[in-house]
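Chemist:
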Amino acid sequence: MTIEITMPRLSDTMEKGTIIKWHIAEGDEVSAGDVLADVETDKATMEMQSFDDGTVNSLAVGEGQAVDVGTVVAVLLEEDESADDVMPASPSPSPSQVAEPAEATPSEPVVADRQPKAAGGGPLRISPVARRLAEDHGVEVSTLVGSGPSGRIVKRDVLAAAGAGEETRSAVAPAAKPAQRSMTPPPTAVAATPVTTPEQSPDLIAIPGALQSHREPVTTMRQTIAQRLVDSKQTIPHYQVSMTFNVDPLMALRSSLNTQLAGTGSKISVNDLLVRACALAMYENPLMNASWADDSIVYHGDVNIGVAIALPQERGGGLVVATIRNADRKSIRVISAETKALSEKARTRGLTVEEMSDSTFTISNLGMFGVDDFTAIINPPNSAILAAGAAIQKPVVRDGELAVGYEMNATLSNDHRVVDGATAAQYLVSLREFIENPAQILV
Amino acid sequence: MSRTIEFRDALREAMSDEMRDDPRVFLIGEEVAEYDGAYKVSRGMLDEFGPKRIIDAPISETGFAGLGIGAAMMGLRPIVEFMSWSFSLVAADQILNNAPKMLYMSGGQLQVPIVFRGNDGAGGQLGSTHSWCVESLYANVPGLKIVIPSDPYDAKGLLTAAIRDPDPVFCLESERMLSMTGEVPESPYEIAIGKAVTRREGADCTLVSFGRPVHFCMEAAEQLAKEGIDCEVIDGRSIKPLDIESIVTSVRKTNCCVVVDQSWSFASIGSEVAAEVHKHCFDDLDNHVHRVHSDDVPAPYAHNLEAEMLPNPRKICEAVRSATYNA
């Protein structure tokens, strides 16, 4: 009998998966445990392994194609089986075949794919007239947040979006009015803002690198980012507390450490020191390492520091948060090596769910870009995130004297359900204690 | 020339005009003659037309309804008055099983040009058995027509059309509206059966109703206008045939529909309108059709409970707010 390989459910929330890369081709022999493909889920890129031995008869899904969990992605032939056996000899399936597909393939995955997804990632709910008006006005419904029950997109939502688009339209190109409602479908290519092509505007000279209006479907990761951050910002009462640290001692320590580590391949960054300082500062401020759980607050026994990693544009951009587990009990060298390895892996191959889960606090650092001050959105179920700016040399006051020194801004975004302002302030005080007396970070 | 008269006078004018014009027309019912009508609808008619055409019937709805049907089959044009449509239930076999089917069963030989008329709906503390709204129950039967005037003008025009119609027509009046006054032309006129009228124009939600609840809709529309919700009120005038075209035209404009039907909700005029609107306006709707009905209980006797059980402006406002996502 042939073996159908279906898209596995690789995480609790996974509904679809994308084959990023096939490691097998038709005709290949595979054994149980072999890696068949890299699969991108809503959270991570993971390896899909074979549970059976056999020969690859066919690949049903191309690279880059997203399919529902349970969809057949490949067919294996068992030993002594030929491709001709794939077509069942008898049209009536055997009882075992009938019984089996319960967990297997939806007969028409195409139907599921036709259902557009809502802005939040769930099924799109939209009233019929809202759908029609969206078509008439060229409004992209998947970008709308519905104001009706269960997020249903209703007439007013579309008209509001169309109105916004309309204003832009009339400001830019009065000629590009939307088609009146008619029996013929309107030109769906009309975007919310009109495309002014060089042909239409002969007065404009073509400039290399000038922008072109276009639209690109979002990746699974971009959708996940969108959904998680909207959830976070909408459900968590955020507020920010900032502090400026004197990082002269920290910069000196780093420099000294790196001099001593020269040649070992290790190079300590400000962020590595910050990860450990943040972890150690938890002992005096356990609420900062806790999570809101509706009727209780969960205090975490482990201090797992999430580190936000931006991904390269050529891999679709986006960001992931890698988890440095038990950062309070790891040496700076270990933290540094782990962070480096996880960043590298995230940027090239993608992280596993394991490598991204269980953080209890997150650091987002834009210091390498020279950003001196910014705020970040909490990474649930964390109760806080630290937005760290660059260590910048500037005129400072030291011991009542004007001097030149390094300072760094840090802004803590907090979940007010868990962390009150004074608690957040106390945490920054503890953090300052570590950063301004950095020898403590090493022990 | 028109003047202001009561609903009951308008009904009488329609009958008297037709009786003067057509000797085949006669009125039969309980207390229609000597007592001038239980609700004084037929006041003075005995004097003008005599006991052969204004006939007091015994308390036997099956008997005089059947008599009327037989007379219609033989070429007369009877008007059968039920003191209340609640009492027509005992004549169900005559009015549902014979009158509407006779033309069909006789292969087109026996027309039944009869009008059944009387008070429909809760009259006000008459209790469960005397407060029937029969429209949903009866409209289910093929072969009959149902008109339901909501003011004196419609009462005269629709009843005139009913008397002149070649088929059985049920005219549903309301004890609560008999004293309502309104401008009514003196000369006879017909209002076409099966054509609705727009009582109020609006842009945000179409209210569809029939008979007395039309007034509740108008009241609700006033209140909702203050809240910024602009309602269009359609008075169906006829229940069967149903002027779905007028309703559809309105809903295509407002994208929203609430049906107010004083009968119970299950398999009702309201559900019929909703089904038709969903069928014809599927792509025009911003929400499913909402319905306001009498609560699914026998009519209570207590005054306050009865008012709460029936469609009322508060319930209508709530339904419109919900349908327009303003709840």
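Taken in order, these protein sequences are the chains called G and S.
Residues in the first sequence are numbered from 1 upward in steps of one, following our numbering.
Residues in the second sequence are numbered from 1001 upward in steps of one, following our numbering.
We put the CB at the ideal spot given by N, CA and C, even for glycine.
If we count the other Cβ atoms within 10 Å of its Cβ and call it buried at 16 or more, is L211 (chain G) buried or exposed?
Modeler: Against the first sequence, residue 211 (chain G) aligns to sequence position 211. With fewer than 16 other Cβ atoms within 10 Å, it is exposed.
Chemist: Reducing DSSP to helix, strand and coil, say where E1318 (chain S) ends up.
Modeler: Here residue 1318 (chain S) is taken as the residue at index 318 of the second sequence, counted from 1. Helix at E1318 (chain S).
Chemist: Could you name the residues of the same chain whose beta carbon sits closer than 8 Å to that of N304 (chain G), not counting the 5 residues immediately before and after it, in chain order?
Modeler: Residue 304 (chain G) sits at position 304 when you count from the first residue of the first sequence. Counting only Cβ-Cβ distances below 8 Å, and skipping sequence neighbours, we find T323, I324, R325, N326, A327, D358, S359, T360 and F361.
Chemist: Please determine, among S:A1323, S:F1266 and S:H1288, the residue with the shortest C-alpha to C-alpha distance to V1297 (chain S).
Modeler: The residue you call residue 1297 (chain S) lines up with position 297 of the second sequence. Taking only the C-alpha atoms, the option nearest V1297 (chain S) is S:F1266.
Chemist: Label P208 (chain G) either buried or exposed according to how many other C-beta atoms from any shown protein chain fall within 10 Å of its C-beta, with 16 as the threshold for buried.
Modeler: The count along the first sequence starts at 1 and reaches residue 208 (chain G) at position 208. By the 10 Å Cβ count, P208 (chain G) comes out exposed.
Chemist: With a threshold of 8 Å between beta-carbons, can M14 (chain G) be considered close to chain S, or not?
Modeler: Here residue 14 (chain G) refers to the residue found at position 14 when the first sequence is read from its first residue. Taking Cβ atoms only, chain S never reaches closer than 8 Å to M14 (chain G), which makes this a no.
Chemist: At a CB-CB cut-off below 7 Å, which residues of chain G make contact with D1286 (chain S)?
Modeler: As a working mapping, residue 1286 (chain S) is identified with position 286 in the second sequence. Within chain G, the residues near D1286 (chain S) are S127, V129, A130, V154 and K155.
Chemist: Helix, strand or coil: which one does DSSP assign to L351 (chain G)?
Modeler: In the first sequence, counting from the first residue as 1, residue 351 (chain G) sits at position 351. Looking at L351 (chain G) - three-state DSSP - the assignment turns out to be coil, as it is neither helix nor strand.
Chemist: Using a Cβ-Cβ cut-off of less than 9 Å, list which residues of the stretch 1268-1285 of chain S approach chain G; keep chain order.
Modeler: The residues in question are C1281, F1282, D1283, D1284 and L1285.
Chemist: Determine the chain C residues that contact S147 (chain G) at a beta-carbon separation under 8 Å, and present them in chain order.
Modeler: Although the question refers to chain C, the structure presented lacks it and instead comprises the protein chains G and S.
Chemist: Are there 16 or more other CB atoms within 10 angstroms of the CB of A1323 (chain S), so buried, or fewer, so exposed?
Modeler: Walking along the second sequence from the start, residue 1323 (chain S) turns up at place 323. Burial call: buried.
Chemist: Any beta carbon of chain G sitting closer than 8 Å to that of N1119 (chain S)?
Modeler: Here residue 1119 (chain S) refers to the residue found at position 119 when the second sequence is read from its first residue. Not an interface residue.
Chemist: Under 8 Å, do G1236 (chain S) and S1209 (chain S) count as touching if we go by C-beta distance?
Modeler: One-based indexing of the second sequence puts residue 1236 (chain S) at position 236. One-based indexing of the second sequence puts residue 1209 (chain S) at position 209. Yes, the Cβ-Cβ distance between G1236 (chain S) and S1209 (chain S) is below 8 Å.
Chemist: Could you list which residues in chain G have their beta carbon closer than 7 Å to that of N1098 (chain S), in chain order?
Modeler: The residue given as residue 1098 (chain S) occupies position 98 in the second sequence. By Cβ distance, chain G contributes nothing, its closest Cβ being about 44 Å from N1098 (chain S), past 7 Å.
Chemist: May I ask which residues mark the beginning and end of the beta strand (DSSP E) holding C1257 (chain S)?
Modeler: Looking up residue 1257 (chain S) in the second sequence gives position 257. C1257 to W1264 is the extent of the beta strand (DSSP E) around C1257 (chain S).
Chemist: Once DSSP output is grouped into helix, strand and coil, what is the label at I1148 (chain S)?
Modeler: Taking the second sequence and counting its residues from 1, the one referred to as residue 1148 (chain S) is at position 148. In this structure, I1148 (chain S) counts as coil in the three-state DSSP scheme.
Chemist: Bridge partners for Y239 (chain G) per DSSP, in chain order?
Modeler: For the purposes of this step, residue 239 (chain G) is taken as residue 239 along the first sequence, with counting starting at 1. Paired residues: G:N414.
Chemist: Counting Cβ pairs, one atom from each stretch, are 3 or more of them under 8 Å apart for the stretch 1029-1036 of chain S and the stretch 1168-1187 of chain S?
Modeler: No contact exists between the stretch 1029-1036 of chain S and the stretch 1168-1187 of chain S.
Chemist: Would you check if the distance between the CB atom of G1037 (chain S) and the CB atom of R1043 (chain S) is smaller than 8 Å?
Modeler: Reading the second sequence from its first residue, position 37 is the one you call residue 1037 (chain S). Reading the second sequence from its first residue, position 43 is the one you call residue 1043 (chain S). Yes. Within cutoff.
Chemist: May I have a chain-ordered list of the alpha helix (DSSP H) segments no shorter than 4 residues that lie completely inside the stretch 1007-1055 of chain S?
Modeler: 1007-1021 and 1045-1049, all fully within the stretch 1007-1055 of chain S.
Chemist: My understanding is that K1240 (chain S) touches K1145 (chain S), with C-beta atoms under 8 Å, so please give their C-beta distance in whole angstroms.
Modeler: Locating residue 1240 (chain S) in the second sequence gives position 240, where the first residue counts as 1. Locating residue 1145 (chain S) in the second sequence gives position 145, where the first residue counts as 1. Contact flag correct, Cβ pair sits at about 6 Å.
Chemist: What is the DSSP secondary structure of I1328 (chain S), reduced to helix, strand or coil?
Modeler: The structure shown does not extend to residue 1328 (chain S), since chain S is modelled only from 1001 to 1327, so the question has no answer here.
Chemist: Rounded to a whole number of angstroms, what is the C-alpha to C-alpha distance between D157 (chain G) and I1114 (chain S)?
Modeler: Along the first sequence, read from residue 1 onward, the residue named residue 157 (chain G) stands at position 157. Along the second sequence, read from residue 1 onward, the residue named residue 1114 (chain S) stands at position 114. Approximately 53 Å, taken between the alpha carbons.
Chemist: Considering only C-alpha positions, which residue in the set G:S242, G:L351 and G:K394 is nearest to A384 (chain G)?
Modeler: Mapped onto the first sequence, residue 384 (chain G) falls at position 384. It is G:S242.
Chemist: Keeping to the same chain, check which residues put their C-beta closer than 7 Å to that of G1270 (chain S); ignore five residues upstream and five downstream.
Modeler: Taking the second sequence and counting its residues from 1, one reaches residue 1270 (chain S) at position 270. Contacts found: V1259, D1261, R1291 and H1293.
Chemist: Indicate whether at least one CB of chain G lies closer than 8 Å to the CB of N1304 (chain S).
Modeler: Locating residue 1304 (chain S) in the second sequence gives position 304, where the first residue counts as 1. Not closer than 8 Å to any Cβ of chain G, the Cβ of N1304 (chain S) fails to qualify, so no.
Chemist: Could you tell me the boundaries of the alpha helix (DSSP H) in which I392 (chain G) lies?
Modeler: Walking along the first sequence from the start, residue 392 (chain G) turns up at place 392. Premise fails: I392 (chain G) lies in the beta strand (DSSP E), I392 to R398, not in any alpha helix (DSSP H).
Chemist: Can you tell me which of the three DSSP states I1244 (chain S) falls into?
Modeler: Mapped onto the second sequence, residue 1244 (chain S) falls at position 244. Reduced to three states, the DSSP call for I1244 (chain S) is helix.
Chemist: When the Cα atoms are used, what is the spatial distance from E1186 (chain S) to Y1325 (chain S)?
Modeler: Counted from its first residue, the second sequence places residue 1186 (chain S) at position 186. Counted from its first residue, the second sequence places residue 1325 (chain S) at position 325. Rounded to whole angstroms, E1186 (chain S) to Y1325 (chain S) spans 46 Å at the Cα level.
Chemist: Just the Cα atoms here: how many angstroms apart are S343 (chain G) and G316 (chain G)?
Modeler: Translated into positions along the first sequence, residue 343 (chain G) becomes position 343. Translated into positions along the first sequence, residue 316 (chain G) becomes position 316. The straight-line gap from Cα to Cα measures roughly 15 Å.
Chemist: If you draw a straight line from the C-alpha of L366 (chain G) to the C-alpha of E29 (chain G), how long is it?
Modeler: Counted from its first residue, the first sequence places residue 366 (chain G) at position 366. Counted from its first residue, the first sequence places residue 29 (chain G) at position 29. One C-alpha to the other measures close to 47 Å.
Chemist: Name the two residues that bound the continuous beta strand (DSSP E) containing P1078 (chain S).
Modeler: The residue given as residue 1078 (chain S) occupies position 78 in the second sequence. Run containing P1078 (chain S): R1077 to S1084, per the beta strand (DSSP E) assignment.
Chemist: Once DSSP output is grouped into helix, strand and coil, what is the label at I1059 (chain S)?
Modeler: What you label residue 1059 (chain S) is simply residue 59 of the second sequence in a count that begins at 1. Correct three-state label for I1059 (chain S): coil.
Chemist: Whose CA, out of G:V307, G:A308 and G:P286, lies closest to the CA of Y299 (chain G)?
Modeler: Here residue 299 (chain G) is taken as the residue at index 299 of the first sequence, counted from 1. Ranking G:V307, G:A308 and G:P286 by Cα distance to Y299 (chain G) puts G:P286 first.
Chemist: Around the C-beta of V67 (chain G), are 16 or more other C-beta atoms found within 10 angstroms, so that it is buried, or is it exposed?
Modeler: In the first sequence, counting from the first residue as 1, residue 67 (chain G) sits at position 67. Classification for V67 (chain G): buried.
Chemist: Confirm, please, whether the CB-CB distance from V61 (chain G) to I19 (chain G) is below 8 Å.
Modeler: Reading the first sequence from its first residue, position 19 is the one you call residue 19 (chain G). Reading the first sequence from its first residue, position 61 is the one you call residue 61 (chain G). In this structure, V61 (chain G) lies closer than 8 Å to I19 (chain G) by Cβ.
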